[in-house]
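Colleague: Every number in this note's numbering is 219 more than the matching position in the sequence shown, counting from 1.
Ideal placement from N, C-alpha and C gives every residue a C-beta, glycine not left out.
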Amino acid sequence: MPSIPILTIDGPSGSGKGTISRAVAERLGWRYLDSGALYRAVGLAAAWEGVDLSDAEAVALCARRTEIRFETQGAGEPHVIVNGKDATRQLRTETAGAAASAIAAQPPVRAALVELQHGFARLPGLVADGRDMGTVIFPDAPYKVFLTASAAERAQRRYKQLKDKGVSVNLDSLLHEIAARDERDAGRAVAPLKPAQDAVIVDSTGTAITEVIERVLAVLPENLRSPRQA
Ligand code: DC
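#1: At a threshold of 7 Å, does serine 387 count as lining the ligand DC (C-beta to nearest heavy atom)?
#2: May I ask you to report which of helix, strand or coil DSSP gives valine 388?
#3: Is the region 246-256 touching the region 375-385 in the sense that three or more CB pairs, one from each, lie closer than 8 Å?
#4: Can you grab the Cα-Cα spacing for the pair glutamate 296 / arginine 311, in whole Å?
#5: Rounded to whole angstroms, what's the CA-CA distance from phenylalanine 357 to glutamate 372? Just pull it up for me.
#6: Which residue comes first and which comes last in the alpha helix (DSSP H) that contains alanine 374?
#7: Cα separation between aspartate 359 and arginine 341?
#8: Could you check whether the Cβ of alanine 319 sits closer than 7 Å to any heavy atom belonging to the ligand DC?
#9: Contact defined as beta carbons within less than 8 Å: I believe isoleucine 300 pairs with valine 261. What is the distance between those atoms, to the nearest angstrom?
#10: Identify, in the order they occur along the chain, each residue of the same chain with its Cβ nearer than 6 Å to the Cβ of leucine 226, setting aside the five sequence neighbours on each side.
#11: By Cβ distance below 7 Å, which residues in the same chain neighbour glycine 353 in space, the five residues on each side in sequence not counted?
#12: Determine the contact status of arginine 329 and alanine 408, defining contact as a CB-CB distance below 8 Å.
#13: Please state the DSSP three-state secondary structure of leucine 257.
#14: Report the three-state DSSP secondary structure of leucine 226 (helix, strand or coil).
As structure tokens, this is what we get:
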């Protein structure tokens, strides 16, 4: 069986991972795994069911029974359907992000999502976006990027993103939340946010999206980089 090419893109919240990973997957004609959306969806499903978010075993059980689907509806971000409900908008809020970050620190919850994530690896290839894609979920992936940007710039980007979506936010509190989430994601004992040893670090501070996409694509060998023939 031919091996499946996998490109992992890890990094902190607001580093542009989502936009960049989706664009790269589209350019390559590969599948896209938004692992953050899985943690957000589980956090939301647990809240819907009234599960105590600090009860790791209960949240892990919830993770195993939650049905999560990604639906492409024209251009733009795919919609995320959680237990049959379109939760796309709700999942992008900072409340959902904070809940995701809290449950993501629990080892049984992470374990419950491993198989689901491995299932995304299919031909012709996979772009996997998250915090531990290159370190834990796909450690043997041949192509790894760690995408980062300054905290101030990440807060600005998130601010603009949320404002454009009509979500009202305050820049200072956003910067504070981003810093707190970074600390929690990087400081946790299980699968902390850190670059894989063999990852190429791409700092996107002050860099246009198109340029960042090119820098990420440059990690791949030429024969994989060329756009698919129509
Ligand atoms: O990428 P995101 O902001 O949607 O992720 C939401 C939270 O989920 C993030 O704070 C940490 C957690 N997460 C994780 O622990 N591991 C991943 N692979 C992806 C996300």
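Modeller: Answer, in terms of the structure:
#1: Against the sequence shown, residue 387 aligns to sequence position 168. Answer for serine 387: no, Cβ out of range of the ligand DC.
#2: What you label residue 388 is simply residue 169 of the sequence shown in a count that begins at 1. The answer is coil: DSSP assigns valine 388 none of H, G, I, E or B.
#3: no
#4: On the sequence shown, position 77 is the one that residue 296 refers to. On the sequence shown, position 92 is the one that residue 311 refers to. Between glutamate 296 and arginine 311, the C-alpha separation is close to 11 Å.
#5: Counting from one through the sequence shown, the residue named residue 357 turns up at place 138. Counting from one through the sequence shown, the residue named residue 372 turns up at place 153. Taking the straight line joining both Cα atoms gives about 29 Å.
#6: Reading the sequence shown from its first residue, position 155 is the one you call residue 374. Run containing alanine 374: 370-383, per the alpha helix (DSSP H) assignment.
#7: In the sequence shown, counting from the first residue as 1, residue 359 sits at position 140. In the sequence shown, counting from the first residue as 1, residue 341 sits at position 122. Going from the Cα of aspartate 359 to the Cα of arginine 341 covers about 15 Å.
#8: Here the question's residue 319 lines up with position 100 in the sequence shown. Yes; taking the cut-off as 7 Å, the Cβ of alanine 319 has a heavy atom of the ligand DC nearer than that.
#9: To locate residue 300, count along the sequence shown from 1; it is residue 81. To locate residue 261, count along the sequence shown from 1; it is residue 42. Actually they are not in contact, since the Cβ atoms of isoleucine 300 and valine 261 sit about 14 Å apart, beyond 8 Å.
#10: By one-based count along the sequence shown, residue 226 stands at place 7. Val346 and Tyr362.
#11: Here the question's residue 353 lines up with position 134 in the sequence shown. Around glycine 353: Thr227, Asp229, Ala360, Lys363, Ala415 and Ala418.
#12: Position 110 of the sequence shown holds residue 329. Position 189 of the sequence shown holds residue 408. No, these two residues do not count as a Cβ contact at 8 Å.
#13: Along the sequence shown, one-based indexing puts residue 257 at 38. When DSSP states are grouped into helix, strand and coil, leucine 257 belongs to the helix group.
#14: In the sequence shown, residue 226 corresponds to position 7, counting from 1. Note: leucine 226 maps to strand in three-state DSSP.
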